[in-house]
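Per the working numbering, the sequence shown starts with residue 3, numbered consecutively.
The structure appears below as structure tokens.
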Amino acid sequence: MAWIYLLAAGVLEIVWAFAMKQSDGFSKLTPSIITLVTMIASFWLLSLAMRTLPLGTAYTIWTGIGAVGAFVIGITFLGETVSAMRIAAAVLIVSGLVLMKLSSS
3 MAWIYLLAAG VLEIVWAFAM KQSDGFSKLT PSIITLVTMI ASFWLLSLAM
53 RTLPLGTAYT IWTGIGAVGA FVIGITFLGE TVSAMRIAAA VLIVSGLVLM
103 KLSSS
């Protein structure tokens, strides 16, 4: 169950990062509220996952899901730059996540 909590927490991290971008420095009400609600939910789910998963594993995977997810959302919906170096960085992050998962008991 901890891995499901962690995956959901990572997805919510992507949502709150995107909503924060849309909030324009918290000057727009709806995206600001979405940011705060999903941020709290993400932290709560992360805390549930950390009941059984090691801190280093849970936190690394949570931030990795958020980082790579935000990268993909930025390219897909916000027209951010795609370059070989940025893609290589994302691949390295995903590789690290896989290694972290494989190394946890």
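From the three backbone atoms N, C-alpha and C, an ideal C-beta is built for every residue, glycine too.
Computed from a predicted model, the values in this text were never measured in an experiment.
Between residue 72 and residue 19 the beta-carbon gap is near 5 Å, inside 8 Å, which marks them as a contact.
With fewer than 16 other Cβ atoms inside 10 Å of its own Cβ, residue 97 counts as exposed.
In the three-state scheme derived from DSSP, where H, G and I count as helix and E and B as strand, residue 97 is classed as helix. Listed in chain order, the alpha helix (DSSP H) runs fully inside the stretch 46-71 amount to none, counting runs of at least 4 residues. Separation of the CB atoms of residue 102 and residue 65 is rounded to 11 Å, and the pair is thereby denied contact status at 8 Å. The stretch 15-30 makes contact with the stretch 39-58: 3 or more CB pairs, one atom from each, lie closer than 8 Å. Check the Cα spacing between residue 106 and each of 63, 12 and 29: the tightest is with 63.
Taking the Cα positions, residue 36 is about 24 Å away from residue 5.
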